[in-house]
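Novice: Below is one structure. I have some questions about it.
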């Protein structure tokens with residue numbers, strides 16, 4: 466039993482074009498028929514930041530928990546930006562195959578483009594949010610609450626983003642595939658992602674007191690990744706070696722494994738969807 | 007016209023009838039059930055072979071038609087060719103760039119404009135953005151949607167939607183194009199243009215595989231036809247011959263349906279034992295020449311006497327469009343029939359129908375009681391040969407004449423008309439716009 470599909474999609478450029486088209490579609494339709502349009506990509510992380518800043522500085526005093534001297538709003542925003550990229554990507558991925566049922570059952574091309582374009586669309590928002598980060602840093606700098614220094618570690622940021630993207634691709638492919646076979650995955654995902662936010666050092670630091678809980682949390686690769694954003698941008702230091710290397714390896718293994726599983730299962734997608 | 011671009015070798019495809027577990031709860035149930043021996047096993051094991059050991063080759067530049075009754079496996083075959091499904095047994099090989107039009111506008115997004123959807127769907131079908139840009143005008147013009155290019159397609163009518171979808175696929179210029187009965191959409195003019203466009207693609211070297219229910223269209227376009235029936239190849243050969251095999255497959259399938267059979271006809275007082283077509287000499291013929299005299303003859307068997315019997319013969323095209331209805335009552339011919347066998351003939355000095363396959367049915371009324379005593383399904387084929395002259399529905403006797411109009415005369419008369427002379431003659435000979 467053989468099937469040669471290699472010829473059909475031999476050229477990578479066609480795959481790229483397709484990925485680009487679907488990413489662009491996802492970005493376009495997200496902000497269609499809305500007054501603010503793409504402005505929401507700016508407004509959403511900013512409003513999230515304001516909410517968390519209010520909760521954690523007015524209602525609760527989180528300032529004392531912070532291991533650093535940076536303003537809480539900046540701390541929260543630097544967590545929320547990579548976190549939003551991560552969670553928005555995965556939310557897109559979970560539904561990507563099922564939402565494109567029409568294409569999956571009617572037209573052939575490598576099914577990887579569906580989760581990948583979901584990640585691509587979230588990446589566009591992520592880049593916009595990074596732009597807002599610059600504005601935010603400028604604001605605190607001008608107000609004198611905090612002083613901006615152009616650390617050379619900023620150059621390490623693309624590596625951090627790369628690691629996060631690998632991790633997202635691995636998990637995204639697995640989730641997209643799993644949700645195609647069992648729709649329960651979407652529901653479970655909804656709960657898990659909520660929980661994950663509070664153990665990934667997004668808006669509050671994770672405990673590091675050597676307790677069982679702390680050791681369990683340290684297995685979460687998002688902790689060193691999100692921490693690395695703050696280290697590179699604000700603290701001017703490279704992320705802690707061991708946890709970051711662990712996260713990198715795990716991300717790589719997940720991406721490779723996830724992609725292989727996806728590939729192997731993809732010929733059954735059209736009949737099982 | 008030599009090398010084979012599609013090879014479909016001993017392909018079988020099986021579908022599960024029962025559930026592949028749709029949710030974890032089902033899965034858990036099935037697992038528990040199998041552990042404790044309570045059988046949900048049955049639902050998992052029941053399978054249905056959509057295709058069984060089907061094999062064919064298509065050479066470059068050929069147009070292969072695939073016809074067959076519903077559920078014969080046509081779409082499955084096409085999806086296997088497109089790579090959407092993978093065969094359970096056998097091997098599918100396609101050489102070159104392939105575009106599949108299995109559903110028109112499958113990749114459209116309602117919120118995007120026509121233009122945006124052309125780019126989106128074009129890349130989905132395998133064109134590069136540059137290629138699409140260069141063909142944009144041709145695509146839009148073919149679809150006839152110049153005015154609506156920037157409107158979101160969710161506000162398109164279904165015809166506009168379908169036209170745009172076909173137009174994009176028709177401009178991909180693939181090596182192999184797969185089309186699945188999508189041409190039933192759009193109006194007649196657009197359908198004709200689709201056929202022309204397909205023929206143009208074929209002339210430029212595209213290999214076409216075409217699934218359809220429209221036998222006329224199939225005969226016009228295809229060079230070879232496969233009839234699929236219950237997942238197997240029932241016939242492979244010339245399109246004209248395929249039609250017969252297809253019809254017997256279709257009528258075989260419908261014969262089992264009770265609703266189609268002789269409906270509520272007074273306990274079958276009347277049965278039709280034969281419906282035949284004869285030429286002028288009374289000899290039975292299988293094909294009627296459109297221009298020559300012929301006779302349709304029905305043989306009825308009556309169980310009782312009917313004082314005023316009315317016979318009606320209806321003729322339909324393969325797709326069910328009614329063509330003509332001949333009713334003896336409307337010709338004021340009532341027949342007093344004794345029990346026994348009767349032959350009723352309709353003499354036709356000519357049968358001016360366009361060539362192709364038609365179907366007849368016979369109805370019989372008892373005019374005195376006002377009851378229908380026989381109403382057969384459209385099961386009796388009538389094949390007309392028009393010598394290849396006519397498309398459309400009729401083959402009218404006609405002659406052409408051509409002559410040129412002298413230029414200067416026309417010019418003078420136009421001037422006369424403009425200078426408001428009451429020139430009746432000039433009006434008559436002016437070209438009609």
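Chains as they are written, first to last, in our numbering: chain A, 466 to 738; chain B, 7 to 439.
All C-beta atoms, glycine included, are put in the ideal place defined by N, C-alpha and C.
Model, not experiment: these values are computed from the prediction.
Could you tell me how far apart the beta carbons of residue 572 (chain A) and residue 130 (chain B) are, in whole angstroms, since I believe they sit closer than 8 Å?
Specialist: As a working mapping, residue 572 (chain A) is identified with position 107 in the first chain. As a working mapping, residue 130 (chain B) is identified with position 124 in the second chain. 6 Å between Cβ atoms; contact.
Novice: Have a look at residue 407 (chain B) and residue 11 (chain B) and give me their C-alpha separation to the nearest angstrom.
Specialist: Within the second chain, numbered from 1, the residue matching residue 407 (chain B) stands at position 401. Within the second chain, numbered from 1, the residue matching residue 11 (chain B) stands at position 5. Looking at the two C-alpha atoms, the distance is approximately 47 Å.
Novice: So is residue 570 (chain A) in contact with chain B if we call contact Cβ pairs under 8 Å?
Specialist: Position 105 of the first chain, counting from 1, holds the residue named residue 570 (chain A). Output row for residue 570 (chain A): interface = yes.
Novice: Does the beta-carbon of residue 374 (chain B) have 16 or more other beta-carbons within 10 angstroms, so that it is buried, or is it exposed?
Specialist: The sequence position of residue 374 (chain B) within the second chain is 368, counting from 1. The residue is exposed, with fewer than 16 neighbouring Cβ atoms inside 10 Å.
Novice: Return the chain-ordered list of same chain residues with a C-beta closer than 8 Å to the C-beta of residue 156 (chain B), the five sequence neighbours on each side being excluded.
Specialist: The residue labelled residue 156 (chain B) in the question sits at position 150 within the second chain. Once the five neighbours on either side are set aside, the close Cβ partners of residue 156 (chain B) are 119, 120, 121.
Novice: DSSP on residue 728 (chain A), reduced to helix/strand/coil?
Specialist: Counting from 1 along the first chain, the entry for residue 728 (chain A) is found at position 263. Helix.
Novice: Using a Cβ cut-off of 8 Å (strictly closer), state whether residue 560 (chain A) contacts chain B.
Specialist: On the first chain, residue 560 (chain A) is found 95 positions in, with the first residue counted as 1. Output row for residue 560 (chain A): interface = no.
Novice: Say whether chain A places a C-beta atom closer than 8 Å to the C-beta of residue 132 (chain B).
Specialist: In the second chain, the residue the question calls residue 132 (chain B) occupies position 126. At least one chain A Cβ lies under 8 Å of residue 132 (chain B).
Novice: Looking at chain B, which residues of the stretch 485-502 of chain A have a Cβ within less than 9 Å of any of its Cβ atoms?
Specialist: Those residues of the stretch 485-502 of chain A that come within reach of chain B (Cβ to Cβ, closer than 9 Å) are 485, 486, 487, 489, 490, 493, 494, 497, 498.
Novice: Would you verify that the beta carbon of residue 479 (chain A) is, or is not, closer than 8 Å to some beta carbon of chain B?
Specialist: Counted from its first residue, the first chain places residue 479 (chain A) at position 14. Interface residue, yes.
Novice: Does DSSP put residue 177 (chain B) in a helix, in a strand, or in coil?
Specialist: Taking the first residue of the second chain as position 1, residue 177 (chain B) is located at position 171. In the structure shown, residue 177 (chain B) sits in coil (DSSP, three-state: anything other than H, G, I, E or B).
Novice: Counting only beta-carbon separations shorter than 8 Å, does residue 89 (chain B) have a partner in chain A?
Specialist: Taking the second chain and counting its residues from 1, the one referred to as residue 89 (chain B) is at position 83. At least one chain A Cβ lies under 8 Å of residue 89 (chain B).
Novice: Note down, in chain order, every chain A residue with its Cβ under 9 Å from the Cβ of residue 177 (chain B).
Specialist: As a working mapping, residue 177 (chain B) is identified with position 171 in the second chain. By Cβ distance, chain A contributes nothing, its closest Cβ being about 16 Å from residue 177 (chain B), past 9 Å.
Novice: Under 8 Å, do residue 184 (chain B) and residue 248 (chain B) count as touching if we go by C-beta distance?
Specialist: The residue you call residue 184 (chain B) lines up with position 178 of the second chain. The residue you call residue 248 (chain B) lines up with position 242 of the second chain. Against a cut-off of 8 Å, the Cβ pair of residue 248 (chain B) and residue 184 (chain B) comes out as no contact.
Novice: Does residue 353 (chain B) have its Cβ less than 8 Å from a Cβ in chain A?
Specialist: Against the second chain, residue 353 (chain B) aligns to sequence position 347. Answer no: the Cβ-Cβ gap between residue 353 (chain B) and chain A never drops below 8 Å.
Novice: Measuring only between beta-carbons, confirm whether residue 586 (chain A) sits less than 8 Å from chain B.
Specialist: Numbered from its first residue, the first chain carries residue 586 (chain A) at position 121. For residue 586 (chain A), the answer is no, since every Cβ of chain B falls outside 8 Å of its Cβ.
Novice: Considering only their Cβ atoms, is the gap separating residue 665 (chain A) from residue 548 (chain A) smaller than 8 Å?
Specialist: Translated into positions along the first chain, residue 548 (chain A) becomes position 83. Translated into positions along the first chain, residue 665 (chain A) becomes position 200. In this structure, residue 665 (chain A) lies closer than 8 Å to residue 548 (chain A) by Cβ.
Novice: Does the beta-carbon of residue 85 (chain B) have 16 or more other beta-carbons within 10 angstroms, so that it is buried, or is it exposed?
Specialist: Taking the first residue of the second chain as 1, we reach residue 85 (chain B) at position 79. Counting Cβ neighbours within 10 Å, residue 85 (chain B) comes out buried, since at least 16 surround it.
Novice: So what does residue 318 (chain B) bridge to, in DSSP terms?
Specialist: Translated into the one-based positions of the second chain, residue 318 (chain B) becomes position 312. According to DSSP, residue 318 (chain B) bridges with B:333, B:369.
Novice: Report the option in B:239, B:199, B:209, B:386 whose CA atom is closest to the CA atom of residue 223 (chain B).
Specialist: Here residue 223 (chain B) refers to the residue found at position 217 of the second chain. Comparing Cα-Cα distances from residue 223 (chain B) to each of B:239, B:199, B:209, B:386, the minimum goes to B:199.
Novice: What are the start and end residues of each continuous beta strand (DSSP E) run of 3 or more residues lying completely inside the stretch 211-247 of chain B, in chain order?
Specialist: The stretch 211-247 of chain B contains these whole beta strand (DSSP E) runs: 213-217, 230-235, 238-243.
Novice: With DSSP run on the structure shown, which of helix, strand or coil describes residue 497 (chain A)?
Specialist: To locate residue 497 (chain A), count along the first chain from 1; it is residue 32. If DSSP states are grouped into helix, strand and coil, residue 497 (chain A) belongs with coil.
Novice: Compare the C-beta of residue 380 (chain B) with all C-beta atoms of chain A and state if any pair is closer than 8 Å.
Specialist: Against the second chain, residue 380 (chain B) aligns to sequence position 374. False, the Cβ-Cβ gap to chain A never drops below 8 Å.
Novice: When the Cα atoms are used, what is the spatial distance from residue 412 (chain B) to residue 158 (chain B)?
Specialist: In the second chain, counting from the first residue as 1, residue 412 (chain B) sits at position 406. In the second chain, counting from the first residue as 1, residue 158 (chain B) sits at position 152. Distance between the alpha carbons of residue 412 (chain B) and residue 158 (chain B) is about 52 Å.
Novice: Looking at the C-beta of residue 506 (chain A), does it have a partner C-beta in chain B at a distance below 8 Å?
Specialist: As a position in the first chain, residue 506 (chain A) is number 41, starting the count at 1. It does not; no Cβ of chain B falls within 8 Å.
Novice: Could you tell me whether any Cβ in chain E is nearer than 8 Å to the Cβ of residue 213 (chain B)?
Specialist: This model lacks chain E altogether; the protein chains it does include are A and B.
Novice: Of all Cβ atoms in chain A, is any one closer than 8 Å to the Cβ of residue 295 (chain B)?
Specialist: Here residue 295 (chain B) refers to the residue found at position 289 when the second chain is read from its first residue. No, residue 295 (chain B) lies away from the interface with chain A (no Cβ there is under 8 Å from its Cβ).
Novice: Compute the beta-carbon to beta-carbon distance between residue 697 (chain A) and residue 592 (chain A), rounded to the nearest angstrom, for a pair I have assumed lies under 8 Å.
Specialist: Along the first chain, read from residue 1 onward, the residue named residue 697 (chain A) stands at position 232. Along the first chain, read from residue 1 onward, the residue named residue 592 (chain A) stands at position 127. Not quite, the Cβ-Cβ distance comes to about 16 Å (not below 8 Å), so this is no contact.
Novice: At the level of alpha carbons, what is the spacing between residue 303 (chain B) and residue 352 (chain B)?
Specialist: Along the second chain, read from residue 1 onward, the residue named residue 303 (chain B) stands at position 297. Along the second chain, read from residue 1 onward, the residue named residue 352 (chain B) stands at position 346. Those two C-alpha atoms are separated by around 6 Å.
Novice: In the DSSP assignment, the alpha helix (DSSP H) including residue 86 (chain B) goes from what residue to what residue?
Specialist: Along the second chain, one-based indexing puts residue 86 (chain B) at 80. That run of the alpha helix (DSSP H) goes 80-88.
Novice: For chain A, is any of its Cβ atoms less than 8 Å away from the one on residue 507 (chain B)?
Specialist: In the structure as shown, chain B begins at 7 and stops at 439. Residue 507 (chain B) is therefore absent and cannot be evaluated.
Novice: Provide the residue span of the beta strand (DSSP E) that contains residue 542 (chain A), from first to last.
Specialist: To locate residue 542 (chain A), count along the first chain from 1; it is residue 77. It is not in any beta strand (DSSP E) - residue 542 (chain A) instead sits in the alpha helix (DSSP H) that spans 537-564.
Novice: Excluding the 5 residues flanking residue 398 (chain B) on each side, which residues of the same chain have their C-beta closer than 8 Å to its C-beta?
Specialist: Walking along the second chain from the start, residue 398 (chain B) turns up at place 392. 360.
Novice: May I ask you to report which of helix, strand or coil DSSP gives residue 313 (chain B)?
Specialist: Sequence index remark: in the second chain, residue 313 (chain B) carries index 307 (1-based). Here residue 313 (chain B) sits in strand by DSSP.
Novice: Between the stretch 93-111 of chain B and the stretch 147-155 of chain B, do three or more beta carbon pairs fall short of 8 Å?
Specialist: These segments do not touch.
Novice: Going by alpha carbons, who is nearest to residue 300 (chain B) out of B:67, B:99, B:391?
Specialist: Here residue 300 (chain B) refers to the residue found at position 294 of the second chain. Nearest C-alpha to residue 300 (chain B): B:391.
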